[in-house]
Amino acid sequence: MDSTTPATAGGFEPRITAFVCNWCTYTGADLAGTSRLQMASNVRIIRLPCTGRIDPMFITKAFERGADGIIVSGCHPADCHYNAGNYHARRRFAIFRELMDFLGVDPSRITFSWVSASEGAKWRDVVNDAVTRVRALGPFTAYRNMVVVQATAPKSSSPEHAGEGEGLPMQSLAADGVAPGASKEVTA
Amino acid sequence: MARIGVFVCHCGENIGRTVDCHAVAEGCKDVPGVVHSVDYKYMCSDPGQQMVKKAIEEKGLTGVVVAACSPHMHEKTFRRAAAGAGLNAFLCEMANVREHCSWIHEDREKATVKAIDITRTIIEKVKHNVPLSTIRIPVTRRALVIGGGIAGIQAALDIADGGREVILVEKGPSIGGHMSQLSETFPTLDCSQCILTPRMVEVYQHPRIKLYAYSEVESVEGYIGNFKVTVRRKARSVDEEKCNGCGACTQVCPNKKIPSEFDCGLGKRTAIYVPFPQAVPNLPTVDRNKCLLFMNRAKGRPDTCKKCAEACEKGAIDFDQQDRLITEDVGAIVVATGYQLYTIGKDQPKDNLKGYGEYGYGTIPDVIDGLQFERLASASGPTSGKILRPSDGKVPKRIVFLQCIGSRDPQKGMEYCSKICCMYVAKHTMLYHHKVHDGVATVFYMDIRAAGKGYEEFSRRAIEEEGAQYIRGRVSRMWREGDVIKILGFDTLEGEPIEMDADMVVLATAMRPQPGIDVLAQKLSVSYDQHGFINEAHPKLRPVETNTAGIYVAGACQAPRDIPDAVAMASATASKVLGLFANEMLEREPTVARVDEGTCAGCFHCERVCAYGAVEHKDIKDRAGNVVRVIAYVNPGVCQGCGTCEATCPSKSVELQGFTDEQIWSEIQALGV
Amino acid sequence: MTKIGYFPGCSLHGLSREYEESLKAIVAGLDTELVEVDDWSCCGASSAHGTSHLLAVTLPARNLAIAESQGLPEVLAPCAACYARLASARHEIEGDTDLAGHVNRILVRDFKNTVKVRSILEVLKGQVATIKAKATNPLKDLKVACYYGCLLVRPVEVTGGYDDPEDPSSMEDICKAAGAVPVKWNRRLDCCGGGMSMSRTGSVVRLSAAILKDAKAAGADAVVVACPMCHSNLDFRQKAMQQRGAWEGDMPVLFLTQVVGLSMGIDPKTLGMGRHFVSTNSVMARTAGTGSGAGTGTNKATAVAGEVG
Amino acid sequence: MTELRELARRLLSEGTVNAVLGWEEGPRGARPAFVTTPDGADRLIFDHRCVHNLASYLSPRRPHLKRLGKVAMVLKPCDARAVAGLIRETQVPRENVVLIGVRCGGVVTDPDSDATLSEATVADRCRGCPDREGKLADHTVGTAGPGFPGPSHRAQKIEELAAKPADQRWAFWQAELEKCVRCHACRQVCPMCFCDRCLADKTQPRWIESSPHARGNMAWHVARAMHLAGRCVDCGECERVCPQGIPLGLITRKIASVVAERYDFRPSDDPAVPAPVGTYRMDDPQEFIL
């Protein structure tokens, strides 16, 4: 079993996609390579010119296509090669993170970090910590199997929201636990 | 239908050792669109590149994927090879299976699976690459050199001698940098002023060098070939045209007790001063924090002392002179801001730096640093070259030199070696021996690093012929008893603790970059490391370039450097700059954004997020000529290709060539379950 | 009235009883209540960490576990060696889950390592304002040389950096609050010979004599310590120094708590001033001042007894 | 009401505008009205049933505006924020439209004919409404009602939902998003959704799966929420028109509270105030970044 991260008993190995900026984190990852810093092999890097280029759609699509965790990393504030790309990214992802959390996605599945071109060791730690964290959370089948759910769940003709002004299924909120008519997840 | 060629490199054993390259090549054979998938020991070698060319010609490839090292290493090589075989360079991409895979994993099976994944993502991406042609933009053939030390001077002279105009900006009143403070230089012991001042005069008299001394870079906009730099010419309170450098003003100035920065506080200077006799430009400067007139003005009191103005026959003193902001267009920038010495005091500029409580945090008299010793030994120094104790002016009979103060000491914050201290301490022992024949020099060292040409012989000479006592070990504590400095150390060769008395202690403190380097780096959007040294593009292959095109680095602002290094790097940057200016137009990566005029709604979010102002408004007119819609237009010359506009555009109407949504989407798909 | 755990350690009930006596005397004035760790055992001192690391960690851990079960958030260990052992055990256990597990198995109790360890300097430094206020008998003309020794402010990872390990000032601040005049001298952090007291008395004599000489040269009337080991080497060994010609004069060596006690006007007998080997009469003469109950007469008898002991 | 009609008649008869956008009595309650003749102005009404956000008719994408030429528009203060957004994003030149602001006392949720304005029936967005008299208007008519105290029920529901563990929130939204049939009514009615070709319709590449299963719907509602960050004016139309009754207001209000907390920005009816996305401050909070 390679490098530092022991596999769990069940042998689940998370698939993590990393969206990184070309000037800082990608070069930092290169430095980690040249310094032969060993790290978990679960992460696949997608190179973008800047964190400013990273779009929330990339992350939802990656989850849809089977990623269990995401890393988004780029230049430290003020170090951006394009002056302000990371500032825009910081606002965009602060909002996106709260949205996903509100929708029920565990925020620790998505790791945000600043890694500069000279921080090879920090990149190794970001990778290893993210893999350990996501491995503990288990496979994110809940997201990629959403399409399957619709077929199995009973037609949700829940009466409670028909005709109610707010269109808000009050009962579904009040009920502790799973709202009626909601999906019975099929855990892998 | 795409016809992709995949070439997997063993990179000798760098990749081959942990990744089964043949399996990767086989693994990509079945990917739709791949018509050629091979592996080879050295893809970047000439035969390797020939393989790519042959495959392009024979199989009519429409895309090439080279699974090897980082694109930062050989993307240019393979793109040139592809172009050589008639395939558009931008249809060739690299899959990083070395730095991001083989080097960081040991489990061969996992590394191979990962390598196949990485290669497949790039294959999917290449399918959506479109041919691009390089953008040609005009180059302003004038260079800016920041920093007037030996590195800056050398770079400016070489560029100017190469026939191009140079603007040299120096923060201090005169150029010369730290080298002008030295007495002699190792390993030849020739006098620093004698080899430096001719170069300084050459800069001053060079027709193509515009010297802005006592000035700083205020802001930098633009990009390679088209930088717009604003320089703040700080007010000297002396009119440069009128002053003939007679120095009468400096004689009459009443405030003579100001510690001179040039003499590292050992000598004194007046409020209106010329830093050192050979200063270039030979212009006095009024220190507005110490001049009585300005101190009164600050308190709103009337002007009292105007002695310097009265003494000046040329009427050159101008107390109302203001800072001037000057904008210059340049095509390339050389950063040569040099170093400063680490101090052992209690409060440090950065919180990861610690002072030396063991040595009294710098409060013990007669404990000085290397530059101060240089000033004592220098003929133009405060003691006219005699080695005297700053506290009581006596000749020190016993001097103890301590190597590695701050350097190679992670607890204090600098884990690197400062490279020059072993040599200048050996030089100091020689200078001391020449001037105080019965003086005993003792050096506490860890190991002597004398790797330059003639360096080892120089340090052996200090030990064998000039009688320096070298003790391998560190000093654990130091304190003052009476007028003697007590040294408590350990001799690791004898295995014994040592307690000795010293009349003077010289600390070889670490080299750090100049304060404010991070602010300058941010203005230039150049990356720097945790100590503040500027990051070179590649430590071995591109040592004088930075990751920001058009910005080069020379001397001690990049890492601890001695004078030969600084001069060599300066000449290297000059050759890079002259190469850049060799042709009229500059070819630039065509990875710029382009707007889909059909779907752009004209909300101009893209304009708001663009850091370069590359987005313009464009009117769409109907046949009758009246404006139907106003949409965004990206000026390819100005766009730097960051892609923030594409991520912000709600309707995804703007596409960054090379990183379009389709390409990224296909990479994500390729990683799908 | 703030409560704080109290770990006396063997010295404070033995050779340096006066340290405990003076501590208990001043604590009331500082509205702090000492809650002794019941059934405390030896902290292991230098012998434990000389023999086995596990022993050196588990012995102090046992005391910390007892303090934890007594619900004490903090424990004061006045003796520098006890402080060092307890604090480094807490630091090591905190950083090493395997070690923590091993220690728990040995102690056969659930020890969560929540007790903070405080040195006498930390506690008194926190009370500097109260000490200043309670200094009814400020020791105006007592010049003191504050001696830290090697364990009170080091290593900085273990002490948490409550004072600068290379240039400490907490003891000087406390003495100033007590009205005394700390002198500037050099050997504040030098080694006094420590545990070599018995095995290599020659080294102790050489090292401690150098310390006393430096203090004398700086014009100190007394050396102030906060560690029984330092006290015994500097005070008890002065006779041996004189016999070996390494030191002529005699320099009273006081505990920091005694200095604070004197400034509070507590009578010297309660502070155990007479228990020292080097007579502290000269100190009493300087500090008699207007403080109530500062009779000098009683000191003579006890001093003699002290001499013999 | 009469003041509004007088003004409309005058504007139409003077020819300053070709049409007046307002409300009129419809067969099943208040409905949007396009008055193009001076005496048509008598059809205009304004009361608590005028819930629609007429700003969406101003978007150049809508054919109404092109055909009618210069229009005057009756707008509630909350609608004014939407018009300010359109002006800020260069969709509507300020000089092309005359704005008639009405002082508003709050509206109900649905414009049914028999709706009465009360504590129980008032639209949630009107609870604690800050400005019942808009500033962005050429003329202002009518008298403001007392309004209704906050806090909004949706804010409480958001608190409740946020307090639940992640998997329960996930289950709640699964149930909701699964009902979405991707009719995009929420997009068509929203004044801020004025793109020619929406991201959801972009096929190359298809970021948002078009089939109405929960996964595709999640991507759609994430994209919609992100596009509305700092731009949504809380006119509540998306939630009102949703045929499946999905509580879209919870998402937009959650995003709005995040933007307000982090960047101290609330949608304003002043076009000069820049929206938060697209601007930044050096010291934006970044506690979630390693």
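Those protein sequences? They're chains A, B, C and D, same order as listed. Each residue of the first sequence is one higher than the one before, counting from 1 in the working numbering. Each residue of the second sequence is one higher than the one before, counting from 1 in the working numbering. Each residue of the third sequence is one higher than the one before, counting from 1 in the working numbering. Each residue of the fourth sequence is one higher than the one before, counting from 1 in the working numbering. Yeah, the Cβ is synthetic: ideal placement off N, Cα and C, and Gly gets one too.
Nearest-angstrom beta carbon gap, residue j and residue i [assumed within contact, 8 Å]
i, j, result
"CYS645(B)", "ALA593(B)", "6 Å"
"VAL145(B)", "GLU216(B)", "About 13 Å; that fails the 8 Å criterion."
"ILE517(B)", "THR337(B)", "6 Å"
"CYS610(B)", "PRO650(B)", "CYS610(B) to PRO650(B), Cβ: 16 Å. No contact."
"ARG61(D)", "ASP167(D)", "Not a contact, Cβ separation roughly 40 Å."
"HIS105(B)", "THR18(B)", "6 Å"
"GLN403(B)", "PHE444(B)", "6 Å"
"VAL395(B)", "ILE387(B)", "7 Å"
"HIS139(D)", "ILE87(D)", "HIS139(D) to ILE87(D), Cβ: 17 Å. No contact."
"LYS127(B)", "GLY33(B)", "6 Å"
"THR599(B)", "SER653(B)", "4 Å"
"VAL43(A)", "ALA67(A)", "Between ALA67(A) and VAL43(A) the Cβ distance is about 10 Å, and since that is not below 8 Å, they are no contact."
Alpha carbon of residue i to alpha carbon of residue j, nearest angstrom
i, j, result
"ALA744(B)", "SER192(B)", "The requested residue 744(B) is not part of the displayed model; chain B covers only 1 to 673."
"ALA84(C)", "TYR147(C)", "16 Å"
"VAL35(C)", "LEU271(C)", "20 Å"
"ASP46(B)", "CYS9(B)", "13 Å"
"TYR42(B)", "CYS11(B)", "5 Å"
"GLY230(D)", "GLY278(D)", "10 Å"
"ILE485(B)", "ALA117(A)", "45 Å"
"ASP483(B)", "ASP503(B)", "8 Å"
"HIS153(D)", "ASN22(A)", "46 Å"
"GLY74(A)", "ILE289(D)", "10 Å"
"TRP247(C)", "PRO497(B)", "22 Å"
"ALA151(B)", "GLU457(B)", "26 Å"
"CYS21(B)", "GLY48(B)", "15 Å"
"PHE140(A)", "LEU161(D)", "21 Å"
"VAL628(B)", "VAL52(B)", "50 Å"
"GLU13(B)", "GLY5(B)", "22 Å"
"CYS642(B)", "TYR82(A)", "6 Å"
Three-way DSSP call (helix, strand, coil) for residue i in this model
i, result
"GLU583(B)", "It is worth fixing the name first, because residue 583(B) is Asn in this sequence and not Glu. Looking at ASN583(B) - three-state DSSP - the assignment turns out to be coil, as it is neither helix nor strand."
"VAL83(D)", "helix"
"GLN286(D)", "coil"
"TRP40(C)", "coil"
"TYR26(A)", "helix"
"MET511(B)", "strand"
"THR285(B)", "strand"
"GLY5(C)", "strand"
"ASN226(B)", "strand"
"GLY482(B)", "coil"
"GLN193(B)", "helix"
C-beta atoms of residue i and residue j nearer than 9 Å
i, j, result
"ARG187(C)", "ALA215(C)", "yes"
"ILE313(C)", "ALA25(C)", "Look at the range of chain C in this structure, 1 to 309, and you will see that residue 313(C) is not part of it."
| said: Give the list of continuous beta strand (DSSP E) stretches no shorter than 3 residues that lie fully inside the region 134-162 of chain B. | reply: 135-138 and 142-146
| Length at least 4, wholly inside the region 21-85 of chain A: the alpha helix (DSSP H) runs in chain order | 25-34 and 56-64
| request: Only counting runs of 4 or more residues, tell me where the alpha helix (DSSP H) segments fall wholly within the region 592-622 of chain B, in order along the chain. | output: 605-609
| field | Sequence ranges, beta strand (DSSP E) only - wholly within the region 543-589 of chain B, length at least 3 | value | Runs of the beta strand (DSSP E) lying entirely within the region 543-589 of chain B and spanning at least 3 residues, in chain order: 551-553 and 585-588.
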